[in-house]
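Chains as they are written, first to last, in my numbering: chain C, 74 to 414; chain L, 1143 to 1361.
The beta-carbon is built from N, C-alpha and C at its ideal position, and this holds for glycine as well.
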């Protein structure tokens, strides 16, 4: 894919190193988020959370991963072998690929050459995210179908319906920002927020995006996909061991990706208000700090709100969120045209 | 590098297309179509058409094929009755259409495409195929087709809503059955109500309406 801004080029070895660093970063962040969530949930529910493995339970995720990878890989007799194995791989590949375009900073000089602190800066930014989330659907759908179990199948069907319904609103919520910024490049969008973050003029779009993001990542209160009271565990009911771990990994990486996208598009990415000349090494930490705010918010909502009913989910998506998102796009377009005249 | 990618994607495209028409199980045929469309998107990327590639994946692999997968997995795979088959006239018609298509493609390729082999290819301006270029073309040169297509989509959406409108459930049934509004779960519930109470209330109202109707019929 070609770069959006072609005023500098990177050596091939820099791109390989970046690919490894991004994957390693994602891999390290997910256990942290996992622990963070369990600890916070414990506090919300008036208990301690994991506190036995390591100091304050700090290496609990490590123990979980070792346990999951050490388990026997079993699968039901009714399952379809090839697809059953392929499905979690699709989920994890799309999650990591989306993580690659989140910008953690500008393109500073490192070792005498310019290195963009992101995997690749695409000219189609958000469209790439939606294309990959469209493919991620097949990870859930094939997993549920290939398991050969009705609980998995029902979970996968819910996932399909939910993803289709909320993807539209999520996309439309971003259109307002894209119209304002006049670019699809994610670094371009961040640079466009120098004077004011887009969360202020696009607050309605931000709220719509946030609600749709909960649905897209299958998080509470939109976690009907894995509603354990009625579906046992949803699309991943029949999965165990390493394959279950891949689904779990993809889910939490998706939470991080959505936080990263929200930070980039609405919260000014690596920008700090009233401090325009920060050193370049601060940028990634600013982005990570802002992302962690979103992660806390995700956990907070999970601990607070009960799960929606299925018809409520659907009618909310189509009858409230979609008209609001359309209205937001229309109003933004009219204002932008009026101001530019 | 791009040559390797091209051959992988081209093989994927052909394999997907052949899979769609040869695989017996509709579910696998649909998956083959998804693979075909994804490989086509890679070919678009190699042509520097990122926007078309992304649109291809979002619209076809992401929206259209999702519905196919949805329907096929609901109504079952192998149990689907394959019907009578096309018959002799149908078979002849299919072969005739395929033959006409092959001749047409050969005319197109031999008549125009082969001249470009050995040259450096057409001139491509900077930004060709970018979202900006496509957007400005759609709103200037191709404004009328663009508007017509948008009306078509609007009609399709309105038609879908009209066809899918169902009676009961969230709509007012006119027989005193309590209806659920979307806004109901946004405001706090009165004390002593909840999902269970709501369910029971619904059942009670329904049976009350039924007994009322029965009495009317008897009297």
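Grab me the residues of residue i's own chain with a C-beta within less than 6 Å of its C-beta, minus the 5 sequence neighbours each way, in chain order.
| i | result |
| --- | --- |
| residue 311(C) | 149, 220, 222, 225 |
| residue 151(C) | 221 |
| residue 415(C) | It is not possible to answer for residue 415(C), since the shown part of chain C is limited to 74 through 414. |
| residue 341(C) | 266, 270 |
| residue 306(C) | 299 |
| residue 401(C) | 249, 277, 278 |
| residue 363(C) | 336, 340 |
| residue 260(C) | 176, 194 |
| residue 1273(L) | 1193 |
| residue 211(C) | 163 |
| residue 1148(L) | 1188 |
Tell me which residues share the same chain as residue i and place their Cβ nearer than 7 Å to its Cβ, disregarding the 5 neighbours each side in the sequence.
| i | result |
| --- | --- |
| residue 1160(L) | none |
| residue 399(C) | 245 |
| residue 322(C) | 103, 165 |
| residue 229(C) | 213, 214, 216, 217, 218, 308 |
| residue 74(C) | In this prediction, residue 74(C) scores a pLDDT of 38, lower than 50, which makes its location untrustworthy; the coordinate-derived value is nonetheless stated afterwards. Cβ neighbours of residue 74(C) beyond the five flanking positions: 193, 195. |
| residue 268(C) | none |
| residue 1295(L) | none |
Do residue j and residue i come within 8 Å of each other at the CB atom, strictly closer than that value?
| i | j | result |
| --- | --- | --- |
| residue 348(C) | residue 178(C) | no |
| residue 339(C) | residue 287(C) | no |
| residue 394(C) | residue 242(C) | yes |
| residue 1271(L) | residue 1193(L) | yes |
| residue 200(C) | residue 1200(L) | yes |
| residue 197(C) | residue 1196(L) | yes |
| residue 114(C) | residue 372(C) | yes |
| residue 239(C) | residue 333(C) | no |
| residue 255(C) | residue 172(C) | no |
| residue 153(C) | residue 87(C) | no |
| residue 126(C) | residue 133(C) | yes |
| residue 53(C) | residue 252(C) | With chain C represented from 74 up to 414, any question about residue 53(C) goes unanswered, as that position is not in the structure. |
Under DSSP, the alpha helix (DSSP H) around residue i begins and ends at which residues?
| i | result |
| --- | --- |
| residue 1273(L) | 1273–1281 |
| residue 210(C) | 198–219 |
| residue 1292(L) | 1285–1306 |
| residue 240(C) | 223–254 |
| residue 321(C) | 314–339 |
| residue 364(C) | 356–377 |
| residue 1265(L) | Per DSSP, residue 1265(L) belongs to no alpha helix (DSSP H) and is neither H nor E. |
| residue 1216(L) | 1207–1217 |
| residue 120(C) | Unbroken run through residue 120(C): none, as it is neither H nor E. |
| residue 393(C) | Per DSSP, residue 393(C) belongs to no alpha helix (DSSP H) and is neither H nor E. |
| residue 1147(L) | 1144–1164 |
| residue 263(C) | 259–264 |
| residue 1229(L) | 1229–1253 |
| residue 181(C) | Where residue 181(C) is concerned, there is no enclosing alpha helix (DSSP H), given that its DSSP letter is neither H nor E. |
| residue 191(C) | It is not in any alpha helix (DSSP H) - residue 191(C) carries neither H nor E in the DSSP assignment. |
Taking C-alpha atoms, which residue in the options lies nearest to residue i?
| i | options | result |
| --- | --- | --- |
| residue 1151(L) | 1171(L), 1185(L), 1201(L), 1248(L) | 1185(L) |
| residue 1158(L) | 1145(L), 1181(L), 1149(L) | 1181(L) |
| residue 1179(L) | 1288(L), 1155(L), 1360(L), 1233(L) | 1155(L) |
| residue 1212(L) | 1173(L), 1153(L), 1199(L), 1250(L) | 1173(L) |
| residue 1188(L) | 1145(L), 1248(L), 1278(L), 1257(L) | 1145(L) |
| residue 1198(L) | 1207(L), 1183(L), 1208(L), 1190(L) | 1183(L) |
| residue 234(C) | 383(C), 411(C), 86(C), 409(C) | 383(C) |
| residue 299(C) | 172(C), 98(C), 232(C) | 232(C) |
| residue 381(C) | 180(C), 295(C), 368(C) | 295(C) |
| residue 161(C) | 378(C), 324(C), 388(C), 335(C) | 324(C) |
| residue 180(C) | 194(C), 172(C), 297(C) | 194(C) |
| residue 386(C) | 85(C), 293(C), 273(C) | 293(C) |
| residue 407(C) | 248(C), 182(C), 109(C), 237(C) | 248(C) |
| residue 1205(L) | 83(C), 237(C), 93(C), 410(C) | 237(C) |
| residue 1215(L) | 274(C), 263(C), 227(C), 360(C) | 227(C) |
| residue 274(C) | 202(C), 142(C), 140(C), 409(C) | 409(C) |
Identify, in the order they occur along the chain, each residue of the same chain with its Cβ nearer than 8 Å to the Cβ of residue i, setting aside the five sequence neighbours on each side.
| i | result |
| --- | --- |
| residue 357(C) | 177, 178, 190, 343 |
| residue 146(C) | 313, 314, 315, 316 |
| residue 1177(L) | 1154, 1157, 1158, 1161 |
| residue 131(C) | 108 |
| residue 1268(L) | none |
| residue 84(C) | 186 |
The ligand PLP and residue i: does the residue's C-beta get closer than 7 Å to at least one heavy atom of that ligand?
| i | result |
| --- | --- |
| residue 144(C) | As far as ligands go, the structure on display features none, and thus does not contain the ligand PLP. |
Using 8 Å as the cut-off, can you tell me whether the stretch 163–170 of chain C makes contact with the stretch 341–354 of chain C, which would need three or more C-beta pairs spanning the two stretches below that distance?
Inter-segment contact for the stretch 163–170 of chain C and the stretch 341–354 of chain C is absent: fewer than three beta-carbon pairs are separated by less than 8 Å.
Does the count of Cβ pairs from the stretch 107–122 of chain C and the stretch 269–283 of chain C closer than 8 Å reach three?
Under the three-pair Cβ rule at 8 Å, the stretch 107–122 of chain C does not count as touching the stretch 269–283 of chain C.
Tell me whether the stretch 207–214 of chain C and the stretch 1266–1285 of chain L touch, counting them as touching only if at least three CB pairs, one residue from each stretch, are closer than 8 Å.
Segments in contact, no.
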